[in-house]
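S.K.:
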Amino acid sequence: MLLALAACAPLAPALREGQLAVAQEKLQVSPVHLENGRQLFVHRCGGCHATPSVDELKPDEWREELKDMAPRARLSPQEAVQIYQYLWAAAQP
Numbered sequence: 708m709l710l711a712l713a714a715c716a717p718l719a720p721a722l723r724e725g726q727l728a729v730a731q732e733k734l735q736v737s738p739v740h741l742e743n744g745r746q747l748f749v750h751r752c753g754g755c756h757a758t759p760s761v762d763e764l765k766p767d768e769w770r771e772e773l774k775d776m777a778p779r780a781r782l783s784p785q786e787a788v789q790i791y792q793y794l795w796a797a798a799q800p
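Given below as C-alpha cells:
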C-alpha cells in the first residue's frame, strides 16, 4: 500500500510554500483543506484508474473533468470542490 501511495506522489505532489500562500490568499482555504483535496484526488480519482498528473489539464479543464467524473466517483459537491482547489493550487507557479 505504501509503495502504491509513493508511486502517486509525483503525480499529485504536496503543494509548495508559494502555492499554499497563493491558494490561501485567493481561495481563502487552509493548508489542511488543500491536503484533504490532494488525498481525495489520489484515493478517489486514483481508486478507479491511474492517478492523473496534476499538470495533465489546465484548471478550467479540471473543472469540467470533475463535473463529469464526480458522480462516478461518488464525490460530494464539497469533495469535488476540495479536489478542484488542490488542482488549482498545484497549477500555480
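The numbering used here applies: residue 708 is where the sequence shown begins, and numbers increase by one.
Each residue gets a CB set at the ideal place from its N, CA and C atoms; glycine is no exception.
None of the values given here were measured: they were computed from a predicted structure.
Taking all protein chains shown into account, do 16 or more other C-beta atoms lie within 10 angstroms of the C-beta of Val739, making it buried, or fewer, making it exposed?
M.R.: For the purposes of this step, residue 739 is taken as the residue at position 32 of the sequence shown. Exposed is the call here.
S.K.: Using three-state DSSP, classify Leu782 as helix, strand or coil.
M.R.: Within the sequence shown, the letter at position 75 stands for residue 782. Leu782: coil per DSSP, three-state reduction.
S.K.: In terms of residues, what are the limits of the alpha helix (DSSP H) holding His740?
M.R.: Here residue 740 corresponds to residue number 33 of the sequence shown, with the count starting at 1. From DSSP, the alpha helix (DSSP H) with His740 extends over Pro738 to Leu747.
S.K.: I want to know whether the region 725–738 touches the region 762–775 - three or more CB-CB distances under 8 Å.
M.R.: No, because fewer than three Cβ pairs between the region 725–738 and the region 762–775 fall closer than 8 Å, the two stretches do not touch.
S.K.: To the nearest angstrom, how far is it from the Cα of Gln726 to the Cα of Ala757?
M.R.: Here residue 726 corresponds to residue number 19 of the sequence shown, with the count starting at 1. Here residue 757 corresponds to residue number 50 of the sequence shown, with the count starting at 1. Between Gln726 and Ala757, the C-alpha separation is close to 24 Å.
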